[in-house]
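Chemist: In the working numbering, the protein residues as written are 32 to 656.
Each residue gets a CB set at the ideal place from its N, CA and C atoms; glycine is no exception.
Structure incoming, see below.
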């Protein structure tokens, strides 16, 4: 009898399968239940270790012994004619199928019941954090001259008209923001409450405002009806309401009348040009305006699959009104972020950004967005000096010190240049203006995390996650691992990483998670091999996170070379790591001095001073600790 046949006769193979399925089921149940009892991280490791240690004895036991009607006997002592191994085999097969069914059932239960509950718990925790912070803020004095403009409800038969009702509300918000002495909650924070039946008192406390403007828009053909009402947040008292009817050609006048009525109701004094016009949509062409609103909705939501639609819509708006400065400005901004969402749009990105931004500035020199778009794009491409790129941002903030996009993008540009503290200050200013912008919250959390400050990082990242920003899962996964929950960490990290990661095979995703979250040397090597295989396929799109992952896996020199030569989109995550306490080992590499020279940092640092962790030596070189 062959060795394989003997293994089968003694039920060794069946025992191996039975043990592995049973062990998998035990580990999954343990991973779910141990956190419920606040078990330490070693408890899960002990379970896995014991199961691993028990595998070989189980196999040896199956080889040596046989179960007989008289009990366990050594296989050698049981005559072949009296052996009941075939009957035992059938019993083991039934047990195997039962365990397999239980395993599949538990897998489905975990995926479709427990996982959504875990995510809901995370969102609930984040929401509680927001409300707790709001309660603290609510106890401080809230100015009576403060307001939040909620997104107006789309009452049209065509539900695709959401962009129009949102745009109406946004224009009124922008108009009120120009009124001196009136505090207006930022767009993103106010629009977080879209579709939520949240108590107005909670909204007022969360946003730190005394009044809330809400309303609805009904659009049918060329006819428009806008209903608006002003409510006192602390008690829900209706202070004013009005319905406005008109044509699409009247929409600008209707918005103006609403803004003027609000200003009058809040007893605000309008001076100069404000007394005549608050709403300035930038065009008097209603069709061009609608196209601008559609494109802006895509841009604001970073709706990747439709980003090219936004380009077409803005180009159509410009064709209808060649002097529409805001359309040129938004087109420059869309082209700036386009490669992140549409691989292959690198070659003409900066040309498109610069041409549209400069045209916008020619038409309306007051706009900050086109300067920020040029600064962001050029700081990534390296086509001009980092000094010139920084000057673009400074010009944008000179025009509008509170512009969210300018502050945020400038903050990231500072981070990419080693000025993490200054970058954090810019990002904090953006949050002060509009505290619930998901990616701005995430980035402040990232900078806290890179400094090792989990206590401040975690609430911000949870709030970004609760707002729908899945990218925050990368850092929340890191934090969960540091808290000792490796299984939850890998689930969150995998769900939150780049869309590119979700396109990889499951085993590749697992290898990356295993290597990056506490992996041993072989696991880290497998993770690096996954990245190498991806790069060897010569992809057109190399995300900036690849460099960060290589750095975290210990392949620092490879990370710097990859970032310098092949990463064509946002590299902020890698740079934030490089110039933080976490990146000390990278800065100690012999390749680092040549890398910072190739990036053009010394000239920037010569003008604006050494970055946070670097000093200039007597010979003019920079040393970073």
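Check whether the stretch 520-527 and the stretch 537-557 are in contact - that is, three or more C-beta pairs closer than 8 Å.
Modeler: yes
Chemist: Opposite residue 654 in the DSSP bridges: which residues?
Modeler: Here residue 654 refers to the residue found at position 623 when the chain shown is read from its first residue. Answer is 646.
Chemist: Give me the residue from 137, 138, 93, 510 with the minimum Cα distance to residue 119.
Modeler: In the chain shown, residue 119 corresponds to position 88, counting from 1. Checked all of 137, 138, 93, 510; the closest Cα to residue 119 is 93.
Chemist: From the DSSP output, which residues share a beta bridge with residue 248?
Modeler: Residue numbering aside, residue 248 sits at position 217 when the chain shown is read from its first letter. In the DSSP output, where bridge partners are listed per residue, residue 248 has 185, 257.
Chemist: If you draw a straight line from the C-alpha of residue 465 to the C-alpha of residue 84, how long is it?
Modeler: Numbered from 1 along the chain shown, position 434 holds the residue referred to as residue 465. Numbered from 1 along the chain shown, position 53 holds the residue referred to as residue 84. Roughly 55 Å between the two C-alpha positions.
Chemist: Anyone know if the C-beta pair for residue 654 and residue 645 falls short of 8 Å?
Modeler: Counted from its first residue, the chain shown places residue 654 at position 623. Counted from its first residue, the chain shown places residue 645 at position 614. Taking 8 Å as the cut-off, the beta carbon of residue 654 is found closer than this to the beta carbon of residue 645.
Chemist: Determine the direct distance from the alpha carbon of residue 205 to that of residue 433, and round the result to whole angstroms.
Modeler: To locate residue 433, count along the chain shown from 1; it is residue 402. To locate residue 205, count along the chain shown from 1; it is residue 174. So the two alpha carbons sit approximately 12 Å from each other.
Chemist: According to DSSP, what are the bridge partners of residue 596?
Modeler: By 1-based counting over the chain shown, the position of residue 596 is 565. For residue 596, which the question treats as bridged, DSSP gives no partner whatsoever.
Chemist: Helix, strand or coil for residue 334 per DSSP?
Modeler: Counting from 1 along the chain shown, the entry for residue 334 is found at position 303. In this structure, residue 334 counts as coil in the three-state DSSP scheme.
Chemist: DSSP three-state call for residue 105: helix, strand or coil?
Modeler: In the chain shown, the residue the question calls residue 105 occupies position 74. In this structure, residue 105 counts as strand in the three-state DSSP scheme.
Chemist: With the cut-off set at 8 Å, would you say residue 604 and residue 371 are in Cβ contact?
Modeler: Within the chain shown, the letter at position 573 stands for residue 604. Within the chain shown, the letter at position 340 stands for residue 371. It is not a contact, given that the beta carbons lie outside the stated cut-off.
Chemist: Name the DSSP beta bridge partners of residue 371, please?
Modeler: Along the chain shown, read from residue 1 onward, the residue named residue 371 stands at position 340. Residue 371 is not bridged to any residue.
Chemist: When you compare each of 448, 438, 473, 449 to residue 456 by their alpha carbons, which one comes out closest?
Modeler: In the chain shown, the residue the question calls residue 456 occupies position 425. Nearest of 448, 438, 473, 449 to residue 456, Cα basis: 438.
Chemist: Starting from residue 214, follow its DSSP beta bridges and name the residues at the other end.
Modeler: Sequence index remark: in the chain shown, residue 214 carries index 183 (1-based). According to DSSP, which records beta bridges pairwise, residue 214 is partnered with 177.
Chemist: For a test of the three-state rule: what should DSSP assign to residue 325, helix, strand or coil?
Modeler: As a first step, residue 325 must be located in the chain shown, where it is residue number 294. In the structure shown, residue 325 sits in a helix (DSSP, three-state: H, G or I).
Chemist: Which class does residue 242 belong to by DSSP, given the choice of helix, strand or coil?
Modeler: Looking up residue 242 in the chain shown gives position 211. Residue 242: strand per DSSP, three-state reduction.
Chemist: Output needed for residue 540: all residues of its chain with C-beta closer than 7 Å, excluding positions within five of it in sequence on either side, in chain order.
Modeler: Counting from one through the chain shown, the residue named residue 540 turns up at place 509. Closer than 7 Å at the Cβ level, and outside the excluded window around residue 540, lie 525, 532.
Chemist: Let's see if you can read the secondary structure: which residues bound the alpha helix (DSSP H) around residue 276?
Modeler: Your numbering for residue 276 matches position 245 in the chain shown. No alpha helix (DSSP H) contains residue 276, which is instead part of the beta strand (DSSP E) from 268-278.
Chemist: In its own chain, which residues sit with a C-beta less than 6 Å from the C-beta of residue 536, not counting the 5 before and 5 after it?
Modeler: Your numbering for residue 536 matches position 505 in the chain shown. If we look at residue 536 and ignore the five residues flanking it on each side, it has no Cβ neighbours.
Chemist: If we require 4 or more residues per run, which alpha helix (DSSP H) segments fall completely within the stretch 380-438?
Modeler: 380-394, 400-412, 417-430
Chemist: Is it right to say residue 91 is buried, meaning 16 or more other beta carbons lie within 10 angstroms of its own, or is it exposed?
Modeler: Here residue 91 refers to the residue found at position 60 of the chain shown. Residue 91 should be labelled exposed.
Chemist: Assuming residue 202 and residue 291 form a contact by the criterion Cβ under 8 Å, report the distance between their Cβ atoms to the nearest whole angstrom.
Modeler: Within the chain shown, residue 202 is the residue found at index 171, counting from 1. Within the chain shown, residue 291 is the residue found at index 260, counting from 1. At roughly 13 Å, the Cβ-Cβ gap does not stay under 8 Å, so residue 202 and residue 291 are not in contact.
Chemist: Measure the CB-CB distance between residue 262 and residue 179 and report whether it falls below 8 Å.
Modeler: What you label residue 262 is simply residue 231 of the chain shown in a count that begins at 1. What you label residue 179 is simply residue 148 of the chain shown in a count that begins at 1. No. Outside cutoff.
Chemist: Would you say residue 390 and residue 359 are within 8 Å of each other, going by their C-beta atoms?
Modeler: What you label residue 390 is simply residue 359 of the chain shown in a count that begins at 1. What you label residue 359 is simply residue 328 of the chain shown in a count that begins at 1. Using a Cβ distance threshold of 8 Å, residue 390 and residue 359 count as a contacting pair.
Chemist: Could you give the DSSP three-state label for residue 357: helix, strand or coil?
Modeler: Here residue 357 refers to the residue found at position 326 when the chain shown is read from its first residue. If DSSP states are grouped into helix, strand and coil, residue 357 belongs with the helices.
Chemist: Are the CB atoms of residue 323 and residue 288 nearer to each other than 8 Å?
Modeler: By 1-based counting over the chain shown, the position of residue 323 is 292. By 1-based counting over the chain shown, the position of residue 288 is 257. Annotated as distal: residue 323 and residue 288, with beta-carbon spacing of 8 Å or more.
Chemist: Measuring only the C-alpha atoms, how far is residue 236 from residue 346?
Modeler: Here residue 236 refers to the residue found at position 205 of the chain shown. Here residue 346 refers to the residue found at position 315 of the chain shown. If you take the alpha carbons of residue 236 and residue 346, they lie about 41 Å apart.
Chemist: Sorted by chain position, which residues of the same chain lie with C-beta nearer than 8 Å to residue 452's C-beta, five sequence neighbours on each side aside?
Modeler: As a working note, residue 452 is residue 421 in the chain shown. Contacts found: 643.
Chemist: Taking the alpha-carbon positions, what's the residue 164 to residue 477 distance?
Modeler: Stepping through the chain shown from its first residue, residue 164 is reached at position 133. Stepping through the chain shown from its first residue, residue 477 is reached at position 446. The predicted position of residue 164 is uncertain, since its pLDDT is 49 and thus under 50; no value can be drawn from it.
Chemist: Below 8 Å between beta carbons: does that hold for residue 444 and residue 475?
Modeler: Along the chain shown, read from residue 1 onward, the residue named residue 444 stands at position 413. Along the chain shown, read from residue 1 onward, the residue named residue 475 stands at position 444. The answer is no: Cβ separation not under 8 Å.
Chemist: Sort 64, 396, 494 by Cα distance to residue 354 and report the nearest one.
Modeler: As a position in the chain shown, residue 354 is number 323, starting the count at 1. Closest option to residue 354, Cα to Cα, is 396.
Chemist: List in chain order: all unbroken alpha helix (DSSP H) runs of 4+ residues lying wholly within the stretch 556-642.
Modeler: 576-583, 587-596, 603-609, 615-618, 623-629, 632-639
Chemist: Pick helix, strand or coil for residue 224, following the three-state DSSP scheme.
Modeler: Indexing the chain shown from 1 puts residue 224 at position 193. Note: residue 224 maps to coil in three-state DSSP.
Chemist: Could you check if residue 228 is buried or exposed, using at least 16 other CB atoms within 10 Å of its CB as the buried criterion?
Modeler: Along the chain shown, one-based indexing puts residue 228 at 197. Per the 10 Å Cβ criterion, exposed.
Chemist: What residue range is occupied by the uninterrupted alpha helix (DSSP H) comprising residue 507?
Modeler: By one-based count along the chain shown, residue 507 stands at place 476. It spans 503-513 - the alpha helix (DSSP H) in which residue 507 sits, taken as one unbroken run.
Chemist: For residue 262, list the residues DSSP reports as bridge partners.
Modeler: As a position in the chain shown, residue 262 is number 231, starting the count at 1. Paired residue(s): 243, 269.
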